[in-house]
Structures are given as structure tokens and as C-alpha cells.
Amino acid sequence: PQNTFSDSVDLKVDGTGFGGIGLPGDVSPESRFVRAAFSKLNSSKGTTVEEDITQFFHILGTVEQIKGVNKTGSGKEEYTVYSNCYDLNNKTLYYTTYENRQIMAVTLNKDKNGNKLVVYPFERKQIINQLN
């Protein structure tokens, strides 16, 4: 990517988040890694699985890439397609997609004795809970 920070500073390319280096919260790989580590080490631990899962997705939210903010040299947009985590005790996969922010869950030990491949497609359509 082209240096869009300053013509007077020779910055080396070290990731596609290059154009924002020096701005607070830039999307370079290094900044995102440090931000995720800091968030994980300084965030509160929940008292339930649900609280821990929710906190996990908030931590990942600190390093998500948003469409249009980070473009590759070929003009394609880098963005966070999905985020996921596993509850190993309950054998459950949790995920969100770029399009659907609701946390979805798939229990992985159901149908475990079947002899057919089971596929659970991503729920990409945004689910909005209408309250009135």
C-alpha cells in the first residue's frame, strides 16, 4: 500500500494496514496484536459461560477490520469475515459474521454417531430482535 500518512516520512510497508500507521488504533497487524493482548489481559473475567463468550467477542471487536478501511494493493477490501471461539467443556462452537452480529452456537457433540457429514452453514443475514 501507498504511504498516506506523510510524504516526509519514509515508512516501510509491514502489513496492509500501512496507510494508518501512527494513528491511534491503526489496523496494522502489530497494532491489532498488541491491542488484542492488552484487552485480553486487562478485561474482566465472567462468572458464567455466557459472560465469558460475550467478553471474548468484545475483545475480538477491538481488532476487527471494517469494510473500506483497509484496502490491499489490488484494491480489495480486507475485513473480518467471521469471528469464532470454542467452549471445550460443552463442545460448542460460537461465531459471529460480518453481516450478523448475533452470537450463533453449534453444539458439536450432537449427531456424533451419525455416518454422514453434517454441515451447518453460517447464518449471514443480520438477525434483529424487534422489541415493539
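With our numbering, the residue at position 11 of the sequence shown is 95, and numbering never jumps. Using N, Cα and C, we set each Cβ at its ideal position, and we do this for glycine too.
Cut-off 6 Å between Cβ atoms - residues of its own chain near residue i, not counting five sequence neighbours on either side
i           : result
residue 148 : 164
residue 116 : 147
residue 200 : none
Three-state secondary structure assigned by DSSP to residue i
i           : result
residue 118 : helix
residue 167 : strand
residue 161 : strand
residue 138 : helix
residue 196 : coil
Span separating the alpha-carbon of residue i from that of residue j
i           : j           : result
residue 109 : residue 92  : 22 Å
residue 33  : residue 198 : For the chain, the structure presents residues 85 to 216; residue 33 sits outside this window and is missing.
residue 180 : residue 166 : 6 Å
residue 215 : residue 94  : 53 Å
residue 125 : residue 155 : 30 Å
residue 158 : residue 133 : 42 Å
residue 121 : residue 208 : 28 Å
residue 172 : residue 127 : 21 Å
residue 114 : residue 135 : 28 Å
residue 160 : residue 118 : 25 Å
residue 162 : residue 213 : 29 Å
Sequence-distant residues of the same chain with beta carbon closer than 8 Å to residue i, five excluded per side
i           : result
residue 176 : 170, 189, 190, 191 and 192
residue 174 : 133 and 191
Contact belief for residue i with residue j at Cβ below 8 Å, rounded distance in angstroms
i           : j           : result
residue 137 : residue 187 : 6 Å
residue 178 : residue 168 : 6 Å
residue 123 : residue 143 : 5 Å
residue 202 : residue 195 : 5 Å
residue 139 : residue 130 : 6 Å
Option in the options with minimal Cα separation from residue i
i           : options          : result
residue 185 : 202, 159 and 206 : 206
residue 153 : 208, 213 and 112 : 112
Cutoff 8 Å: residue i Cβ touching any chain D Cβ
i          : result
residue 92 : The chain labelled as chain D is not found in the depicted structure, where only one protein chain is given.
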